[in-house]
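*Asks:* Have a look at this one before I ask anything.
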Amino acid sequence: MKDEIISKIENFVTTSGHNKLPDTAIKIYNLPRIGFADVNNELFGSYKQKIGSFHLTPKEWFKAEFEDSLPNGTVICWILPFTETILKSNYLERAFPSKEWAQARFYGEQFNNMLREFVVGLITKIGYRTVAPALSSNWQRVYVDDIGHASTWSERHAAYATGLGTFSLTDALITECGMAVRVGSVITELVLEPSPFLYKGIHDNCLHYNSNSCGACIRRCPAGAISLNGHNKDLCFEYTRRKVMPAVNEAYGVTTPSCGLCQTRVPCERSIPKLPKLKSK
Ligand code: SF4
Ligand code: SF4
Numbered sequence: 159m160k161d162e163i164i165s166k167i168e169n170f171v172t173t174s175g176h177n178k179l180p181d182t183a184i185k186i187y188n189l190p191r192i193g194f195a196d197v198n199n200e201l202f203g204s205y206k207q208k209i210g211s212f213h214l215t216p217k218e219w220f221k222a223e224f225e226d227s228l229p230n231g232t233v234i235c236w237i238l239p240f241t242e243t244i245l246k247s248n249y250l251e252r253a254f255p256s257k258e259w260a261q262a263r264f265y266g267e268q269f270n271n272m273l274r275e276f277v278v279g280l281i282t283k284i285g286y287r288t289v290a291p292a293l294s295s296n297w298q299r300v301y302v303d304d305i306g307h308a309s310t311w312s313e314r315h316a317a318y319a320t321g322l323g324t325f326s327l328t329d330a331l332i333t334e335c336g337m338a339v340r341v342g343s344v345i346t347e348l349v350l351e352p353s354p355f356l357y358k359g360i361h362d363n364c365l366h367y368n369s370n371s372c373g374a375c376i377r378r379c380p381a382g383a384i385s386l387n388g389h390n391k392d393l394c395f396e397y398t399r400r401k402v403m404p405a406v407n408e409a410y411g412v413t414t415p416s417c418g419l420c421q422t423r424v425p426c427e428r429s430i431p432k433l434p435k436l437k438s439k
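Quick look at the structure:
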């Protein structure tokens, strides 16, 4: 069953006519990576401390959606890596995203919603109740003083629990196919074997944390929202919502809540970056 789900998701992404920028042949996403976590994985409970009590566990999501308990089940996540054309289009940008990046973020998220619906339909059809939190009326954005903008389900944290990647200095996820990705997830009562979890810590893949080097994302951010202390969500939110969104809306007719500069032209853009070589004495 697991192989069949992986193959159907891959097929959806590689063959769908919606996985491209409108009126062009430019593909938005490459082949996805897919991970599985047990709904009883302790990480989900720990997110209540890490993110906030408003963040729901998979079991709470199931209860809210179906008014039923979920003794066992699976969180399925996928990573959608942006194609090279989309990434390279952003390389020379310094303040706002390229047209291709802005459109890929906008139409790419619409495509991600289609994929969420597809996966919910696929598993529901074989008799297992399934919810995509991002599409549910129970999904809410919240603002908390000490952590900033958050929501009732973090797909990045779900993806971390499925072993798909670890967090970066920018709070994004550095995966096997890099940091320039989008994430999607569903929660299902279908029980599937969890993916291997190979990380020792939440920042394993980021050069800043594993070798005290890099910081390329700090230099790329036009809002000064990234520092050695991490990602300032408020500064990023203000810049992307108040400056980027109106600018790309006027220029390209899309509302894109990210400039993506910190995700492109950085060593972790398309893969887990290699540790720097030690200098010989
Ligand atoms: S650019 Fe460097 S410091 Fe920033 S997230 Fe990537 S690896 Fe970490
Ligand atoms: S999305 Fe843009 S503003 Fe936000 S942290 Fe990245 S580079 Fe900075």
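FYI, in our numbering the residues of the sequence shown are 159 to 439. Backbone N, C-alpha and C fix where the C-beta goes; we use that ideal spot for every residue, glycine too. Bear in mind the structure is a predicted one, so any value in this text is a computation, not a measurement.
Please go through the region 305 to 368 and give each complete alpha helix (DSSP H) segment of 4 or more residues, from N-terminal end onward.
*Replies:* Counting only runs of 4 or more, we get 313 to 319.
*Asks:* Quick one: using the 10 Å Cβ neighbour count with 16 as the cut-off for buried, is Gln298 buried or exposed?
*Replies:* Exposed is the call here.
*Asks:* Beta-carbon within less than 7 Å of Phe212's beta-carbon, same chain only, minus the 5 sequence neighbours each way: which residues are those?
*Replies:* Within the same chain, Phe212 has close Cβ partners Val300 and Thr310.
*Asks:* Which stretch, first to last residue, makes up the beta strand (DSSP E) that contains Pro434?
*Replies:* Careful: Pro434 lies outside any beta strand (DSSP E) and carries neither H nor E.
*Asks:* Which of helix, strand or coil does DSSP assign to Thr414?
*Replies:* Coil at Thr414, not helix or strand.
*Asks:* Arg423 and Arg378 look like a contact to me (Cβ under 8 Å); what is the Cβ gap, rounded to whole Å?
*Replies:* Right, their Cβ atoms sit about 6 Å apart.
*Asks:* What residue range is occupied by the uninterrupted beta strand (DSSP E) comprising Pro239?
*Replies:* Thr232 to Pro239 is the span of the beta strand (DSSP E), which, as asked, contains Pro239.
*Asks:* From the DSSP output, in three-state form, read off Gly209 for me.
*Replies:* Note that residue 209 corresponds to Ile in the displayed sequence, not to Gly. The answer is coil: DSSP assigns Ile209 none of H, G, I, E or B.
*Asks:* Which residues neighbour ligand 2 when neighbourhood means a C-beta less than 5 Å away from any of its non-hydrogen atoms? List them by chain order.
*Replies:* Here the list is Cys379, Ala381, Ala383, Cys394, Tyr397, Ser416, Cys417, Leu419 and Cys420.
*Asks:* May I ask you to list the residues that DSSP assigns as paired with His389?
*Replies:* Answer by DSSP bridge pairing, in chain order: Ile384.
*Asks:* Say yes only if the C-beta of His315 is nearer than 7 Å to one or more non-hydrogen atoms of ligand 1, and no if none qualify.
*Replies:* Not under cutoff, so the answer is no.
*Asks:* Please identify the residue among Ala409, Pro434 and Tyr397 whose C-alpha is closest to the C-alpha of Gly418.
*Replies:* The shortest Cα separation from Gly418 among Ala409, Pro434 and Tyr397 belongs to Tyr397.
*Asks:* In terms of residue numbering, what span does the alpha helix (DSSP H) encompassing Asn260 cover?
*Replies:* It is Ala, not Asn, that sits at residue 260 in the sequence shown. That run of the alpha helix (DSSP H) goes Lys257 to Lys283.
*Asks:* According to DSSP, Tyr187 sits in a beta bridge with which residue or residues?
*Replies:* Phe240, per the DSSP bridge assignment.
*Asks:* Is Gly443 near ligand 1 - that is, is its Cβ less than 7 Å away from at least one heavy atom of it?
*Replies:* The structure shown has nothing for residue 443, since the chain only spans 159 to 439.
*Asks:* For the pair the region 398 to 417 and the region 260 to 276, tell me if three or more CB-CB distances fall below 8 Å.
*Replies:* They touch, by the three-pair rule.
*Asks:* Work out the CA separation of Lys185 and His176 for me, nearest whole Å.
*Replies:* Approximately 9 Å, taken between the alpha carbons.
*Asks:* Pull up the DSSP beta-bridge partners for Ala253, would you.
*Replies:* DSSP lists no partner for Ala253.
*Asks:* Are there 16 or more other CB atoms within 10 angstroms of the CB of Thr182, so buried, or fewer, so exposed?
*Replies:* Answer is exposed; the Cβ neighbour count stays below 16.
*Asks:* Which whole-angstrom value describes the C-beta separation of Ile237 and Cys335, a residue pair presumed to lie in contact below a C-beta threshold of 8 Å?
*Replies:* That pair is a contact at about 6 Å.
*Asks:* What does a CB cutoff of less than 8 Å around Arg399 pick up in its chain, not counting 5 residues either side in sequence?
*Replies:* Closer than 8 Å at the Cβ level, and outside the excluded window around Arg399, lie Pro415.
*Asks:* Going by alpha carbons, who is nearest to His307 out of Ser165, Phe395 and Phe170?
*Replies:* The shortest C-alpha separation from His307 is found at Phe395.
*Asks:* Cutting at 7 Å between CB atoms, please list the residues of its own chain near Ser385, excluding the five before and the five after it.
*Replies:* So the list reads Ile376, once near-sequence residues are dropped.
*Asks:* Using only CA atoms, which one of Thr288, Pro180, Ile192 and Lys178 lies nearest to Ser165?
*Replies:* Residue Ile192 is the option with its Cα nearest to Ser165.
*Asks:* Under 8 Å by Cβ, that's how I've got Glu223 and Asn296 pegged, so tell me the actual separation to the nearest angstrom.
*Replies:* Their Cβ separation, rounded to whole angstroms, is 6 Å, which keeps Glu223 and Asn296 in contact under 8 Å.
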